[in-house]
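Participant: In my numbering, the protein residues as written are 133 to 581. For every residue, glycine included, the Cβ atom is placed at its ideal position computed from N, Cα and C. Predicted, not measured: the structure shown is a model, and the values here were computed from it.
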């Protein structure tokens, strides 16, 4: 039994012409099952309508075998093939995360094996391979982003500049000039008529009609003149209101621009003296940062902006991807391995120390008066004595502006965040394998000691 794609031109229901390299032949049968009679013999065809897939089997090679019984048997087989093709019309893909193999099931939930599986890979191999890549990314998680979280630290500590906000209220729209009102046309006066030439009564009647015609036109002109006057008065009133609105708008715009300019002129001083402004700027800076995990940051500005205190709720190591997956050489499975406990711990250590560097860098870049940023990170852990979950501080670091400026911002990839902490006064109890034990963080009273 062979499998191939057929290009066909439909010429009548149940009758098709097959175009191929060997000539033209006729096909008898409806959608799906059919019998093909050509110069090479009689063939039974099973296809899935709309899919482009078909099976083809030769029924007989000579006249002796082309009997009705043989054809009926072949058609029974063909119907079974057609049912199988229908089951393959919708294939579900899943991944065995233990061994990384692809599991294919048909529309009935039956596993696809053997030639059917080969068929699916032949026609949907690229799609399945791309799906495997997505599964690998899902398993690996955002490990790279977690480890490199500090790489977006500001490269310099240029003083922030105030951005003047434009006045966003639109200028009032001028009223539209009124459309001209068409002047009434006088029209044609009533004619005197033939009999009015001979009868006085008819002439009087005609005179009365002329008088009514003139009066009607005069009234129409007066009504038109009143319409024109009313329209002009309404426009003048609306235009006057618009001019008043424009004056108020220009006044408000000028006041806004003067305020913004004053804020810009005073910004350098304000960010060094107004603690509320400093905290607002820090809040905006921290909020604008993208975090791969939910991050809770508490902060406080002390000593007129000279010292910034930051506490950060660190992610748990359980939140880190514990497996690593890679696409196999043939693109048909994933090679999945569990990370070594030491590797996972060191990745976690790099991430949480990268958080500290990142917060310190953005804090110093935001507030030029700050010379020190005290970053303390804590995590939720089980207290074995009480059985309660408590906040354990894992590090507390006094970052200084001069110390941060020693980092090579042209090659932050070469900076190990956990090692960089050694440049600063810090409290941390960490083993060589990256196990962090609880410490007592710096307190406010010791900030400038």
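Which complete beta strand (DSSP E) runs does the region 453-491 hold, if anything under 3 residues is left out?
Facilitator: Segments of the beta strand (DSSP E) lying fully in the region 453-491: 455-459 and 466-470.
Participant: Rounded to the nearest angstrom, what separates residue 404 and residue 495 at their Cα positions?
Facilitator: In a straight line, the C-alpha of residue 404 is about 13 Å away from that of residue 495.
Participant: Excluding five sequence neighbours on each side, which residues of the same chain lie with their C-beta closer than 6 Å to the C-beta of residue 430?
Facilitator: Closer than 6 Å at the Cβ level, and outside the excluded window around residue 430, lie 443.
Participant: Rounded to the nearest angstrom, what separates residue 542 and residue 534 at their Cα positions?
Facilitator: Approximately 17 Å between the Cα atoms of the pair.
Participant: Whole angstroms are fine: how far does the CA of residue 383 sit from the CA of residue 399?
Facilitator: Answer to the nearest angstrom: the Cα atoms are 24 Å apart.
Participant: Smallest Cα separation from residue 459: which of 209, 268 and 249?
Facilitator: Ranking 209, 268 and 249 by Cα distance to residue 459 puts 268 first.
Participant: May I ask you to report which of helix, strand or coil DSSP gives residue 441?
Facilitator: Correct three-state label for residue 441: strand.
Participant: Pull up the distance between the alpha-carbon of residue 453 and that of residue 271, whole angstroms please.
Facilitator: Spanning the two alpha carbons is a distance of roughly 7 Å.
Participant: Using the Cα positions of residue 160 and residue 235, report the straight-line distance between them to the nearest angstrom.
Facilitator: Its pLDDT being 42, under 50, residue 160 is placed unreliably by the model, and nothing is read from it.
Participant: Between which two residues does the alpha helix (DSSP H) harbouring residue 254 extend?
Facilitator: 246-272 is the span of the alpha helix (DSSP H), which, as asked, contains residue 254.
Participant: Answer yes or no: do residue 473 and residue 232 have a C-beta to C-beta separation smaller than 7 Å?
Facilitator: No; because the gap between Cβ atoms is not below 7 Å, this pair is not in contact.
Participant: Using CA atoms only, rank isn't needed, just tell me which of 368, 301 and 294 is closest to residue 308.
Facilitator: Among 368, 301 and 294, the Cα nearest to that of residue 308 is on 368.
Participant: Looking only at its own chain, which residues have a Cβ that is under 6 Å from the Cβ of residue 491, when we skip the five neighbours before and after it?
Facilitator: Within the same chain, residue 491 has close Cβ partners 442 and 507.
Participant: Give the secondary structure of residue 412 by DSSP, where H, G and I count as helix, E and B as strand, and everything else as coil.
Facilitator: In the structure shown, residue 412 sits in a helix (DSSP, three-state: H, G or I).
Participant: Please say whether residue 294 and residue 226 have beta carbons closer to each other than 7 Å?
Facilitator: Their beta carbons are not under 7 Å apart, which means residue 226 does not touch residue 294 by this criterion.
Participant: Which residue comes first and which comes last in the alpha helix (DSSP H) that contains residue 279?
Facilitator: Its alpha helix (DSSP H) spans residues 275-279.
Participant: From the DSSP output, read off the bridge partner residues of residue 432.
Facilitator: Beta-bridge pairing links residue 432 to 441.
Participant: Pop quiz: residue 477 and residue 567 are said to be a contact at Cβ under 8 Å. What is the actual Cβ separation, rounded to whole angstroms?
Facilitator: That pair is a contact at about 7 Å.
Participant: Classify residue 155 as helix, strand or coil using the three-state DSSP reduction.
Facilitator: In this prediction, residue 155 has a pLDDT of 39, which is less than 50 and means its spatial position is unreliable; what the coordinates show is noted afterwards. DSSP places residue 155 in strand when its eight states are reduced to three.
Participant: Taking 8 Å as the cut-off, does the region 547-558 touch the region 482-490 (at least 3 CB pairs, one atom from each stretch)?
Facilitator: With a cut-off of 8 Å, the region 547-558 and the region 482-490 count as touching, because enough Cβ pairs lie within range.
Participant: How far does the beta strand (DSSP E) with residue 503 in it reach, from first residue to last?
Facilitator: Looking at the DSSP string, residue 503 is not in any beta strand (DSSP E), and its letter there is neither H nor E.
Participant: Residue 224 by DSSP, collapsed to three states: which one?
Facilitator: Note: residue 224 maps to strand in three-state DSSP.
Participant: Starting from residue 534, follow the alpha helix (DSSP H) in both directions and report where the run begins and ends.
Facilitator: Start and end: 533-536.
Participant: When you compare the CB positions of residue 407 and residue 433, do they come within less than 7 Å of one another, or not?
Facilitator: In this structure, residue 433 lies closer than 7 Å to residue 407 by Cβ.
Participant: For residue 398, which three-state DSSP category applies?
Facilitator: In the structure shown, residue 398 sits in a helix (DSSP, three-state: H, G or I).
Participant: Quick one: using the 10 Å Cβ neighbour count with 16 as the cut-off for buried, is residue 298 buried or exposed?
Facilitator: When all chains shown are included, residue 298 counts as exposed.
Participant: From residue 565 to residue 244, what distance separates their C-alpha atoms?
Facilitator: So the two alpha carbons sit approximately 46 Å from each other.
Participant: In or out: residue 321 buried (at least 16 other Cβ within 10 Å) or exposed?
Facilitator: It counts as exposed.
Participant: By the three-class DSSP mapping on this structure, what secondary structure does residue 568 have?
Facilitator: Reduced to three states, the DSSP call for residue 568 is strand.
Participant: So, residue 131 versus residue 417, is the Cβ gap smaller than 7 Å?
Facilitator: The structure shown does not extend to residue 131, since the chain is modelled only from 133 to 581, so the question has no answer here.
Participant: Taking 7 Å as the cut-off, decide whether the C-beta atoms of residue 274 and residue 424 are in contact.
Facilitator: Their beta carbons are under 7 Å apart, which means residue 274 touches residue 424 by this criterion.
Participant: Go ahead and label residue 163 buried or exposed: buried means 16 or more other beta carbons lie within 10 angstroms of its beta carbon, across all protein chains shown.
Facilitator: Summary for residue 163: the model assigns pLDDT 49, below 50, so the residue's position carries little reliability, and this model does not support an answer.
Participant: Where residue 498 and residue 228 are concerned, what is the direct C-alpha to C-alpha distance, given to the nearest angstrom?
Facilitator: Approximately 49 Å, taken between the alpha carbons.
Participant: Under 6 Å Cβ to Cβ from residue 528, same chain only, skipping five residues before and after it: list those, please.
Facilitator: If we look at residue 528 and ignore the five residues flanking it on each side, its Cβ neighbours are 508, 559, 573 and 574.
Participant: Do you know offhand how far residue 569's Cα is from residue 426's?
Facilitator: So the two alpha carbons sit approximately 23 Å from each other.
Participant: To the nearest angstrom, how far is the alpha carbon of residue 285 from that of residue 381?
Facilitator: Cα to Cα, residue 285 sits roughly 43 Å from residue 381.
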